[in-house]
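To start, the structure under review is shown below, and the notes come after it.
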Amino acid sequence: MGYSSRGPGPPWGLLLLLLLSFFGGVVSEENKQYHMQSLCKNHFLQQLYRKIEGAVLRSQNEKSLDCVVTFQTHSILQRFMLRFDMLHLDCNDHLFIYDGAHPVGAYKADLNCRNTKQAVGAIFTRTNFVTLKYVTDGWGTESNGFTLVITAVKDPKHSC
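Numbering-wise, the working numbering puts 61 at position 40 of the sequence shown, and it's gapless, one number per residue.
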(Lines of atoms letter the chains of each structure in order from A and count residues from 1; the text may use other names and numbers.)
(Lines give C-alpha, C1' and ligand atoms only; values in the text may rest on other atoms or scores of the structure.)
Protein backbone atom coordinates (compact mmCIF):
# COMPACT_ATOMS: atom_id res chain seq x y z
CA MET A 1 0.00 0.00 0.00
CA GLY A 2 1.50 3.34 -1.05
CA TYR A 3 1.41 6.63 0.86
CA SER A 4 -1.26 9.03 -0.33
CA SER A 5 -1.13 12.75 0.24
CA ARG A 6 -4.91 12.73 0.41
CA GLY A 7 -7.17 10.99 2.81
CA PRO A 8 -7.30 10.71 6.56
CA GLY A 9 -4.59 12.36 8.58
CA PRO A 10 -3.86 15.66 10.22
CA PRO A 11 -5.35 18.72 8.53
CA TRP A 12 -1.96 20.25 7.60
CA GLY A 13 -3.46 23.39 6.14
CA LEU A 14 -5.38 24.15 9.32
CA LEU A 15 -2.36 23.33 11.48
CA LEU A 16 -0.13 25.62 9.38
CA LEU A 17 -2.69 28.42 9.55
CA LEU A 18 -2.90 28.14 13.34
CA LEU A 19 0.89 28.17 13.70
CA LEU A 20 1.28 31.18 11.42
CA SER A 21 -1.43 33.12 13.19
CA PHE A 22 0.15 32.38 16.57
CA PHE A 23 3.83 32.94 15.71
CA GLY A 24 3.70 35.04 12.57
CA GLY A 25 1.76 38.03 13.79
CA VAL A 26 2.25 40.47 16.56
CA VAL A 27 2.19 38.63 19.84
CA SER A 28 1.48 40.85 22.78
CA GLU A 29 0.19 40.25 26.21
CA GLU A 30 -2.60 42.10 27.87
CA ASN A 31 -1.54 45.04 30.01
CA LYS A 32 -0.56 43.94 33.47
CA GLN A 33 -2.24 45.74 36.35
CA TYR A 34 -0.11 46.74 39.33
CA HIS A 35 -0.90 48.61 42.54
CA MET A 36 1.99 50.54 44.05
CA GLN A 37 1.09 49.35 47.54
CA SER A 38 1.70 45.71 46.55
CA LEU A 39 4.70 46.46 44.30
CA CYS A 40 6.40 48.28 47.16
CA LYS A 41 6.14 45.53 49.76
CA ASN A 42 9.57 44.95 51.21
CA HIS A 43 10.60 41.53 49.93
CA PHE A 44 13.17 40.13 47.52
CA LEU A 45 10.77 40.14 44.53
CA GLN A 46 10.71 43.94 44.69
CA GLN A 47 14.27 43.96 43.34
CA LEU A 48 13.47 41.95 40.18
CA TYR A 49 13.11 43.57 36.77
CA ARG A 50 9.60 43.06 35.47
CA LYS A 51 9.50 42.30 31.73
CA ILE A 52 6.38 43.80 30.22
CA GLU A 53 4.79 44.80 26.93
CA GLY A 54 2.49 47.11 28.82
CA ALA A 55 1.33 47.86 32.32
CA VAL A 56 -1.04 50.08 34.25
CA LEU A 57 0.25 51.24 37.64
CA ARG A 58 -2.20 52.59 40.16
CA SER A 59 -1.44 54.55 43.29
CA GLN A 60 -4.02 55.76 45.76
CA ASN A 61 -2.83 57.66 48.81
CA GLU A 62 -0.10 55.22 49.89
CA LYS A 63 1.61 56.48 53.02
CA SER A 64 5.27 56.29 54.08
CA LEU A 65 6.65 54.56 50.99
CA ASP A 66 10.22 54.61 49.69
CA CYS A 67 10.05 52.22 46.80
CA VAL A 68 12.01 51.44 43.62
CA VAL A 69 10.46 49.44 40.75
CA THR A 70 12.14 48.65 37.42
CA PHE A 71 10.46 47.51 34.20
CA GLN A 72 12.17 46.08 31.12
CA THR A 73 10.92 45.52 27.57
CA HIS A 74 11.07 42.05 26.06
CA SER A 75 13.36 43.30 23.28
CA ILE A 76 16.38 45.57 23.32
CA LEU A 77 14.92 47.15 20.15
CA GLN A 78 12.05 48.60 22.18
CA ARG A 79 11.75 51.49 24.57
CA PHE A 80 8.99 52.71 26.87
CA MET A 81 6.33 55.36 26.50
CA LEU A 82 4.78 56.56 29.76
CA ARG A 83 1.62 58.62 30.11
CA PHE A 84 -0.65 59.44 33.01
CA ASP A 85 -4.40 58.89 32.97
CA MET A 86 -4.53 60.53 36.40
CA LEU A 87 -1.86 62.47 38.30
CA HIS A 88 -2.61 64.11 41.64
CA LEU A 89 0.32 63.88 44.05
CA ASP A 90 0.65 65.41 47.49
CA CYS A 91 3.29 68.18 47.68
CA ASN A 92 5.58 66.07 49.89
CA ASP A 93 5.27 62.98 47.66
CA HIS A 94 7.61 62.45 44.70
CA LEU A 95 7.62 60.08 41.75
CA PHE A 96 11.06 60.01 40.12
CA ILE A 97 11.33 58.49 36.64
CA TYR A 98 14.76 57.21 35.54
CA ASP A 99 15.75 56.18 32.02
CA GLY A 100 17.61 53.00 32.88
CA ALA A 101 17.75 49.96 35.14
CA HIS A 102 18.74 51.79 38.34
CA PRO A 103 17.70 54.95 40.22
CA VAL A 104 21.08 56.65 39.74
CA GLY A 105 22.22 59.70 37.84
CA ALA A 106 19.92 62.34 36.49
CA TYR A 107 16.24 61.50 36.56
CA LYS A 108 14.01 62.07 33.56
CA ALA A 109 11.23 63.52 35.72
CA ASP A 110 10.57 64.47 39.35
CA LEU A 111 6.81 64.64 39.72
CA ASN A 112 4.91 66.10 42.68
CA CYS A 113 1.90 68.36 43.37
CA ARG A 114 3.09 70.97 40.85
CA ASN A 115 2.65 68.55 37.94
CA THR A 116 -0.50 67.73 35.98
CA LYS A 117 -1.00 64.94 33.48
CA GLN A 118 -1.46 67.54 30.72
CA ALA A 119 1.80 69.31 31.55
CA VAL A 120 3.75 66.05 31.79
CA GLY A 121 2.40 64.60 28.53
CA ALA A 122 4.11 61.48 27.17
CA ILE A 123 7.56 60.51 28.43
CA PHE A 124 9.80 58.30 26.26
CA THR A 125 12.83 56.38 27.48
CA ARG A 126 15.99 56.02 25.41
CA THR A 127 16.67 52.52 26.77
CA ASN A 128 14.60 49.39 27.21
CA PHE A 129 14.42 49.99 30.99
CA VAL A 130 12.45 52.43 33.12
CA THR A 131 12.90 52.76 36.87
CA LEU A 132 10.38 54.45 39.14
CA LYS A 133 11.22 55.68 42.62
CA TYR A 134 8.13 56.55 44.63
CA VAL A 135 8.58 58.40 47.92
CA THR A 136 5.56 59.39 50.03
CA ASP A 137 5.07 60.90 53.46
CA GLY A 138 2.57 59.89 56.14
CA TRP A 139 -0.12 62.37 55.11
CA GLY A 140 -2.55 62.77 52.25
CA THR A 141 -6.11 62.48 51.07
CA GLU A 142 -7.96 59.77 49.18
CA SER A 143 -7.71 61.82 45.99
CA ASN A 144 -3.90 61.62 46.00
CA GLY A 145 -2.26 59.18 43.64
CA PHE A 146 -1.78 58.40 39.97
CA THR A 147 -2.64 56.03 37.16
CA LEU A 148 0.38 55.49 34.93
CA VAL A 149 0.19 53.63 31.61
CA ILE A 150 3.51 52.14 30.46
CA THR A 151 3.77 50.81 26.90
CA ALA A 152 6.69 49.14 25.13
CA VAL A 153 7.13 50.69 21.68
CA LYS A 154 9.50 49.92 18.82
CA ASP A 155 12.46 52.27 18.74
CA PRO A 156 12.21 54.22 15.43
CA LYS A 157 16.02 54.16 15.12
CA HIS A 158 15.83 50.39 14.58
CA SER A 159 13.23 50.28 11.82
CA CYS A 160 13.91 48.24 8.70
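Don't be surprised by glycine CBs; every beta carbon is placed ideally from N, CA and C. This structure is a prediction, so every number in the text was calculated from the model and none was measured.
query, result
"What is the DSSP secondary structure of Val-182, counted as helix, strand or coil?", "The structure shown has nothing for residue 182, since the chain only spans 22 to 181."
"Quick check: what's the CA-CA separation for Ala-127 versus Glu-163?", "31 Å"
"May I have the straight-line CA-CA distance separating Val-156 from Lys-62, to the nearest angstrom?", "13 Å"
"DSSP beta-bridge partners for Thr-152?", "Thr-91, Tyr-119"
"Please report the straight-line C-alpha distance between Gln-58 and Gly-166, rounded to a whole angstrom.", "11 Å"
"Decide if the region 105-115 is in contact with the region 135-154; the criterion is three or more beta carbon pairs, one per stretch, under 8 Å apart.", "yes"
"By the three-class DSSP mapping on this structure, what secondary structure does Lys-204 have?", "This structure cannot settle anything about residue 204, because the visible part of the chain is limited to 22 through 181."
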